[in-house]
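In the UniProt record's numbering, each residue's number is its place in the sequence shown (first place is 1) plus 193. Every residue gets a Cβ at the ideal spot worked out from N, C-alpha and C, and that includes glycine. No experiment lies behind these values; they were computed from the predicted model shown.
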Amino acid sequence: RLSERLPYAHDDEFGQLARVFNATFSRLEESFERLRRFTSDASHELRTPLTTLRSVGEVGLQKGLDAAALREVIASMLEEADRLTELVENLLTLSRAESGALKLNPEPSELGVLAAEVIEFLGVLAEEKEQTITLRASCAVPADIDRTTLRQALMNILDNAIKYAAPGTDIVVRTEVSGDEAVIEVEDAGPGIAQEHIAKVFDRFYRVDTGRSRDVGGTGLGLAIARWAVEMNGGRISLDSTPGKGSTFRITLPLGKV
Ligand code: ADP
């Protein structure tokens with residue numbers, strides 16, 4: 194660990210230089226630490242699906258498996274490979290995000306139109322669970338946003354609502370103007386999230402209930418990516434939830450010109 198600092202505290206030119214040096218040093222130290230944590234989290238998360246892939250493969254090598262059993266083994270290996278792909282793609286998105294290498298392209302947009310696109314895209318998943326997604330867009334909600342990143346944020350939130358809420362439940366997506374802000378809300382009637390987890394669900398790899406989350410797949414990165422995407426667009430993301438009743442995720446952005 195680096196810990197060198199210039200201990201020069203006088204207020205002359207050299208003192209000013211020392212302050213700049215020390216501040217730069219602290220920032221460097223922080224980025225090293227972020228990188229170290231990122232690498233260690235990522236390796237840890239990659240190990241689990243790899244271990245599963247390996248043990249399923251070993252089952253496939255056992256003698257005397259009939260064709261149907263072998264197909265089942267191959268199917269679960271493919272499923273695990275898909276999980277790995279999703280994880281790696283999400284990791285790449287986050288690492289690009291954290292390095293600041295992603296360039297945004299803000300354009301005047303209407304949030305109702307963006308929401309409708311995302312609902313259309315994820316509609317099939319909701320249909321499979323016999324859930325209905327209702328869009329409530331009472332007026333035009335203009336915002337200058339980078340559509341690619343914001344679409345991704347909304348997609349991750351809506352995908353969670355579909356994943357975690359029970360079959361047959363209703364999901365409501367609302368777009369509205371609130372004061373000088375543009376708002377998108379996604380409300381589900383799912384299991385909800387307890388108060389003590391609310392601030393943490395936006396941290397990468399954080400899952401409330403690993404058993405439940407593992408059943409429905411997922412990488413624990415969806416909300417971390419969503420938060421990053423919203424903040425990059427000058428907005429913020431919040432969550433209001435009652436366990437047993439449901440969750441409402443809220444994206445707030447600066448209102449654009451009509
Ligand atoms: P994951 O890939 O596990 O879904 P996310 O970052 O998208 O990761 O979400 C983090 C955790 O927050 C999830 O594992 C789940 O426990 C919880 N969560 C997210 N969305 C919801 C929701 N709509 N209802 C209940 N729990 C949720």
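- Per DSSP, reduced to three states, the secondary structure at R220 is helical.
- Taking the CA atoms as reference points, E300 sits about 19 Å from E369.
- Burial state of Q324 is buried, judged by a 10 Å Cβ sphere holding 16 or more other Cβ atoms.
- In its chain, beyond the 5 residues on either side, R344, L347, M348, L351 have a beta carbon closer than 7 Å to the beta carbon of V311.
- Under the three-state reduction of DSSP, T368 is assigned to strand.
- Take the alpha-carbon of V266 and the one of T244: they are about 15 Å apart.
- I444: member of the beta strand (DSSP E) spanning 439-447, first to last residue.
- The beta carbon of A290 sits closer than 6 Å to the beta carbons of W421 from its chain, once the five residues preceding and following it are set aside; these are given in chain order.
- By the CB criterion at 8 Å, P200 and A336 fall outside the cutoff.
- Contact check for A333 against E380 fails: the beta carbons are separated by 8 Å or more.
- The DSSP-derived three-state label of A211 is helix.
- One thing to note: T412 has its Cβ within 8 Å of the Cβ of E279.
- Contact holds between the region 431-445 and the region 384-398, because three or more Cβ pairs, one in each stretch, are under 8 Å apart.
- Following the DSSP letters along the chain, one finds R429 inside the beta strand (DSSP E) bounded by residues 429-435.
- Per DSSP, reduced to three states, the secondary structure at T241 is helical.
- The C-beta distance from R397 to D205 rounds to 44 Å, too long to meet the 8 Å contact threshold.
- Distances from the CB of R400 to the heavy atoms of the ligand ADP include at least one below 7 Å.
- In this structure, the ligand ADP has no non-hydrogen atom nearer than 7 Å to the beta-carbon of S431.
- Per DSSP, the unbroken beta strand (DSSP E) holding S302 starts and ends at 300-303.
- Its Cα nearest to that of S292, the residue R227 stands out among R227, Y399, V213, R240.
- Not one heavy atom of the ligand ADP sits closer than 7 Å to the Cβ of I391.
- Between E378 and F314, the C-beta gap is not smaller than 8 Å, which leaves the two residues out of contact.
- In the structure shown, V266 adopts helical secondary structure according to DSSP, grouped into three states.
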